[in-house]
Amino acid sequence: MAEPHIAAGVASVDVTTVPLADERARLARITCRGVGMTAASALFWLALAAVAAWAGLDSGALARFFVVGAAVVYPLGYGLNRLLGGDLTAHGSGLRGLVGMLSLGQLFGWPVVVALLSRDPALIAFALAVMLGVHFLPYAWLYRAPAYAALAVMSVLVASGVQLVQPARANVLIPLAMALLYAVSAIAAHRQNRRDAAAC
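Each residue of the sequence shown is one higher than the last, beginning at -4 in our numbering.
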C-alpha cells in the first residue's frame, strides 16, 4: 500500500497505487457517507412541502424559498455531517476530486428549476425530485451505500407516479414523499456507518 503524504495536517494517499475498493471504503469513512447532507435534504423537502401547501404554485414564494433553502441546506448538511464525524469535502481521499465534480454537477440542474418557475411551477417538485434523486446513483457506488441506490430509484419512481396520478397535488405530495425517502436513507446509511465502525 502507498505511504500517506501529510500536508497541512491531512493525510492523503496516491490513489493510483491504492486498490479502488480500499479507496472507496476510505472515502466512506472520511465522509460518513454524507449522512448529514442527506438528513438536511430531508428537512429541505419537508420545508418545501410546507411552503407549497401554504403558497400553492406561487412562483414568487417558491423562488424565495429556493434562495433561502439553498443557502441554508448546504451549511446545515455540512454541519450535521461534521457532528457525525464526517467531512463532506473528503479531505485526505484520493477520490476527493471526483466527489467535488459530482457535487458541482448537481448545481447545473438548478437552471431547470429557474426555467420551470417562470414557465410551469407545477412541475418543479417533480423535476427537482428526479434531478436530485439520480445524483445519488454515483454516490451509492462511491460510498458503497445500498440505501442511496434505493433512494435514487425510488425518488424517480415515486415522483413520476405521483406526478402522473395526482398532478394537482404533486407540488405537496412529492416533497412529502421525498422527505420520507431521504430520512429513511439517511438512517440506513448512518446504521451502515455504525456497523462498519464496529467491524474495524
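Backbone N, C-alpha and C define an ideal beta-carbon position, used for all residues, glycine too.
Same chain, Cβ closer than 7 Å to residue i, five either side skipped, listed in chain order
i    : result
L123 : V108
Endpoints, the alpha helix (DSSP H) within which residue i is located
i    : result
F131 : 131 to 137
S113 : 105 to 114
Q161 : Looking at the DSSP string, Q161 is not in any alpha helix (DSSP H), and its letter there is neither H nor E.
R19  : 15 to 26
Cutoff 6 Å; reference residue i; Cβ partners in own chain excluding five residues on either side
i    : result
A174 : A37, W40, L41
A23  : Y138, R139
Euclidean distance between Cα positions of residue i and residue j
i     : j    : result
A2    : P162 : Its pLDDT being 48, under 50, A2 is placed unreliably in this model, and the value from its coordinates should be taken loosely. Going from the Cα of A2 to the Cα of P162 covers about 53 Å.
L132  : A144 : 5 Å
L57   : A193 : 43 Å
E(-2) : R19  : Bear in mind that the predicted position of E(-2) carries a pLDDT of just 49, short of 50, making it unreliable; the figure below should be weighed with that in mind. Their backbone Cα atoms lie some 17 Å apart in a straight line.
L118  : L111 : 7 Å
A50   : L102 : 25 Å
G89   : V67  : 28 Å
V160  : Y134 : 30 Å
L127  : R21  : 24 Å
S98   : D53  : 29 Å
R114  : P141 : 36 Å
F60   : V46  : 8 Å
V157  : P116 : 16 Å
A65   : N188 : 26 Å
V94   : P70  : 17 Å
G100  : A165 : 26 Å
L79   : W136 : 21 Å
R77   : T84  : 10 Å
I182  : L15  : 26 Å
Candidates the options: closest to residue i by CA position
i    : options                : result
G72  : Q101, R59, T33, W105   : T33
A48  : H185, L168, I182       : L168
S180 : N166, A165, S150       : S150
D82  : V30, A183, S155        : V30
A172 : L152, P141, R190       : L152
G104 : A85, L90, H130         : H130
L43  : A184, Q187, R139, P170 : P170
P106 : R189, A165, V62, S155  : V62
F121 : H185, L15, S155, I182  : S155
T26  : G64, H86, G55          : H86
L75  : G55, R190, H185        : H185
V148 : W136, A165, V125, Q187 : V125
R190 : G55, M96, R28          : R28
Cβ neighbours of residue i in the same chain (closer than 8 Å, five flanking residues each side left out)
i    : result
Y177 : T33, A34, S36, A37, W40, L146
Minimum Cβ-Cβ distance from residue i to chain C less than 8 Å
i    : result
L127 : Annotation note: the requested chain C is absent from the structure, which comprises a single protein chain.
Checklist entry - Quick one: complete alpha helix (DSSP H) runs, 4+ long, within the stretch 38 to 98? => result 54 to 78
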